[in-house]
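Participant: Per this note's numbering, the sequence shown starts with residue 77, numbered consecutively. The structure that follows is given in the form of structure tokens.
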Amino acid sequence: MILYIYSDTLYKNYNMKSPICEICLKSGLLCTACQNKVTNGELTDSDVSILTLLYKECSKNGDLDSIGIKKLISSKDVELIVCSKGDGKKIVGKGGYLAKKIQDILKKPVRIVEESSNPREFLQNIILPVPIINLNIIYSPKGEKYKIVIPRNSRLPLKLDVFNRLAKELLGKEVEIGFE
Ligand SMILES: [Zn+2]
77 MILYIYSDTL YKNYNMKSPI CEICLKSGLL CTACQNKVTN GELTDSDVSI
127 LTLLYKECSK NGDLDSIGIK KLISSKDVEL IVCSKGDGKK IVGKGGYLAK
177 KIQDILKKPV RIVEESSNPR EFLQNIILPV PIINLNIIYS PKGEKYKIVI
227 PRNSRLPLKL DVFNRLAKEL LGKEVEIGFE
């Protein structure tokens, strides 16, 4: 299957790093490697639309010149866009215009999360504005997992099962939540 994204070839080259290669973002046709990511479920059609939109926005907005999109994670209620450190604000856009455009395409809320090699910081970015009081590594025969402690009565911005899935996917470990 060939997926036509858009056929405007006027867009210049940008340094946007994304799970889809730039040739595809530019041409509107998916190459075999990128098409395989859609076929095997690593990317959905709506992921492709988001990446294309972001790429298109690069042509209008110098700030977006070098954004990095690491991963798109969809769940029923929310779309998570994991980007390079420091790129969150750029993707949200001035006054939130870009995040809003993405939400309009997906018809669900979008959370933009900056990647971090520090697990506490990464998890913190996922659950903002809820503060993480503490993060511990728990060792068990099944392997390591993280336990984060958040204030009692705090409301996670994501459903717990979605959070668990995301955390596992992004950090490669189970994350347990405790309350203080
Ligand atoms: Zn490609």
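Glycine is no exception: its CB is placed at the ideal position from the N, C-alpha and C atoms.
Given that a residue counts as buried once 16 or more other Cβ atoms are within 10 Å of its Cβ, and exposed if not, what is residue 261?
Facilitator: Here the chain has residues from 77 to 256 only, and residue 261 is not among them.
Participant: Leaving out five residues before and five after residue 254 in sequence, what residues of the same chain have Cβ atoms less than 8 Å from its Cβ?
Facilitator: One-based indexing of the sequence shown puts residue 254 at position 178. The answer, listed in chain order, is 223, 224, 225 and 226.
Participant: Return yes when the Cβ of residue 201 is within less than 7 Å of the Cβ of residue 186, no when it is not.
Facilitator: Residue numbering aside, residue 186 sits at position 110 when the sequence shown is read from its first letter. Residue numbering aside, residue 201 sits at position 125 when the sequence shown is read from its first letter. Result no, Cβ atoms of residue 186 and residue 201 do not sit closer than 7 Å.
Participant: Residue range of the beta strand (DSSP E) that residue 254 falls in?
Facilitator: The residue you call residue 254 lines up with position 178 of the sequence shown. Note, residue 254: beta strand (DSSP E), 250–255.
Participant: Can you tell me whether residue 164 is buried or exposed? The criterion is at least 16 other CB atoms within 10 Å of its CB, across all chains shown.
Facilitator: By one-based count along the sequence shown, residue 164 stands at place 88. When all chains shown are included, residue 164 counts as buried.
Participant: Taking the CB atoms as reference points, tell me whether residue 146 and residue 158 lie closer together than 7 Å.
Facilitator: Position 70 of the sequence shown holds residue 146. Position 82 of the sequence shown holds residue 158. Closer than 7 Å, so yes.
Participant: When the Cα atoms are used, what is the spatial distance from residue 112 to residue 228?
Facilitator: What you label residue 112 is simply residue 36 of the sequence shown in a count that begins at 1. What you label residue 228 is simply residue 152 of the sequence shown in a count that begins at 1. Approximately 44 Å between the Cα atoms of the pair.
Participant: Helix, strand or coil, according to DSSP, for residue 236 in the structure here?
Facilitator: Here residue 236 refers to the residue found at position 160 when the sequence shown is read from its first residue. Helix.
Participant: Can residue 107 be considered in contact with ligand 3, in the sense that its beta carbon sits closer than 6 Å to one or more heavy atoms?
Facilitator: By its list of ligands, the structure shown excludes ligand 3, since it contains just ligand 1.
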